[in-house]
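Trainee: All residue numbers in the sequence shown are consecutive under the numbering used here, ending with 232.
Let me give you the structure first, and then I'll get to my questions.
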Amino acid sequence: QVQLVESGGGLVQAGGSLRLSCAASGVIFSINTMGWYRQAPGNQRELVATITPYGRTNYADSVKGRFTISRENAKITVYLQMNSLKPEDTAVYYCNTDPIKFNWGQGTQVTVSS
Numbered sequence: 119q120v121q122l123v124e125s126g127g128g129l130v131q132a133g134g135s136l137r138l139s140c141a142a143s144g145v146i147f148s149i150n151t152m153g154w155y156r157q158a159p160g161n162q163r164e165l166v167a168t169i170t171p172y173g174r175t176n177y178a179d180s181v182k183g184r185f186t187i188s189r190e191n192a193k194i195t196v197y198l199q200m201n202s203l204k205p206e207d208t209a210v211y212y213c214n215t216d217p218i219k220f221n222w223g224q225g226t227q228v229t230v231s232s
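Encoded structure:
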């Protein structure tokens with residue numbers, strides 16, 4: 119059974135950094151592209167960054183140059199390093215495959231104060 123568990127969120131001032139982690143137990147990590155998604159209040163969930171099994175990455179324009187996605191296959195974990203955070207990055211962050219295959223985890227709240 120697949121379980122996605124996100125962690126690492128918190129409250130940070132604009133310009134600060136956070137590193138999110140997602141433990142993806144039950145996911146066949148070696149064949150799945152993983153993604154980080156986020157949902158701000160009143161908005162639809164959006165795809166922020168993806169990483170293929172071979173390490174190729176892609177980013178939404180809004181985070182390009184500030185966020186870095188990485189994965190550790192042996193630990194079945196995907197990370198999101200977020201630098202130069204802005205108030206508009208405030209959202210609940212989730213991980214899942216791309217395309218989405220599994221139920222969502224509880225997410226981790228990121229709040230960026232101005």
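No residue lacks a Cβ here, since even glycine has one placed at the ideal position from N, Cα and C.
May I ask you to verify whether the region 125-132 touches the region 182-194, counting CB pairs closer than 8 Å and requiring at least 3?
Mentor: Cβ pair count under 8 Å is below three, so no.
Trainee: Of the choices Lys204, Gly225, Asn214 and Ser232, whose alpha-carbon is the least far from that of isoleucine 194?
Mentor: Translated into positions along the sequence shown, residue 194 becomes position 76. With distances taken between Cα atoms, isoleucine 194 lies closest to Asn214.
Trainee: Among Glu124, Gly133 and Ser148, which one has its Cα closest to the Cα of alanine 192?
Mentor: Against the sequence shown, residue 192 aligns to sequence position 74. Nearest option by C-alpha distance: Ser148.
Trainee: Figure out for me which residue from Ser188, Thr208 and Tyr177 has the closest Cα to the Cα of alanine 167.
Mentor: Mapped onto the sequence shown, residue 167 falls at position 49. Per the Cα distances, Tyr177.
Trainee: Would you mind reading off the limits of the beta strand (DSSP E) that contains serine 188?
Mentor: As a working mapping, residue 188 is identified with position 70 in the sequence shown. That run of the beta strand (DSSP E) goes 185-190.
Trainee: In three-state DSSP terms, what is serine 180?
Mentor: Position 62 of the sequence shown, counted from the start, is the residue given in the question as residue 180. Reduced to three states, the DSSP call for serine 180 is coil.
Trainee: Consult DSSP for serine 202 and reduce its assignment to one of helix, strand or coil.
Mentor: Along the sequence shown, one-based indexing puts residue 202 at 84. Coil, per DSSP.
Trainee: Report the partner residues of glutamine 157 according to the DSSP bridge assignment.
Mentor: On the sequence shown, residue 157 is found 39 positions in, with the first residue counted as 1. Answer is Val210.
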